[in-house]
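Working notes, beginning with the structure itself.
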Amino acid sequence: MQNTQNISNLPLELQLDLAQKRLQTLQVERDVLDIQLSQMRIDLKHESVNNKKIIESLIYERDKLCERIQPIEEVQHAIIELYLEMKDRPLGQPNSAQLEIEKQRLDEQEQSLIS
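Letter by letter, the sequence shown follows residues 1 to 115 in the UniProt record's numbering.
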């Protein structure tokens with residue numbers, strides 16, 4: 001949690017980069033589970049009921065991971081939109097405070113999703 005709070009103090013571009021790297025890590029984990037799941041489905045034809053339980057557990061883990069990734073992808077998309085909107089705005093332009101409040105809200109949402 002401390003790392004997440006420190007991240008919010010970093011420049012927006014670096015925050016975006018870190019969020020993208022976290023998303024990539026989660027996507028790789030999902031892909032690994034997909035590969036394991038595919039292999040286990042093949043093996044299931046020749047294995048016992050115990051393996052079926054393991055596969056069901058992997059399916060459950062993968063589904064939970066996908067549930068975690070989807071909101072993170074949404075937050076990442078919102079951060080990108082916010083960054084693109086903010087990077088071309090001169091400092092002090094009206095609504096910059098509203099954008100900062102939205103960024104903080106997204107940071108908090110991302111933090112709660114990662115936790």
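Beta carbons are placed, not taken as given, at the ideal position from N, Cα and C, and that holds for glycine.
Compute the Euclidean distance between the alpha carbons of residue i and residue j, then round it to the nearest angstrom.
| i | j | result |
| --- | --- | --- |
| D107 | I35 | 32 angstroms |
| M1 | V28 | The pLDDT assigned to M1 is 46, lower than 50, so where the model puts this residue is not dependable; a value taken from the coordinates is nonetheless given after this. Whole-angstrom Cα-Cα distance: 23 angstroms. |
| L23 | Q70 | 10 angstroms |
With burial defined as no fewer than 16 other Cβ atoms inside 10 Å of the residue's Cβ, what is the status of residue i: buried or exposed?
| i | result |
| --- | --- |
| S104 | The residue asked about is misnamed: residue 104 is Gln in this sequence, not Ser. Q104 should be labelled exposed. |
| V75 | buried |
| Q20 | exposed |
| I79 | buried |
| Q15 | buried |
| E110 | buried |
Which residues in the same chain have their Cβ closer than 6 angstroms to the Cβ of residue i, if we skip the five residues on either side of it in sequence?
| i | result |
| --- | --- |
| I101 | none |
| R30 | L65 |
If you follow the alpha helix (DSSP H) that residue i is part of, which residue opens it and which one closes it?
| i | result |
| --- | --- |
| S38 | 12-44 |
In chain order, what residues of the same chain have a beta carbon less than 8 angstroms from the beta carbon of residue i, not counting five sequence neighbours either side?
| i | result |
| --- | --- |
| L113 | R68, P71, I72, V75 |
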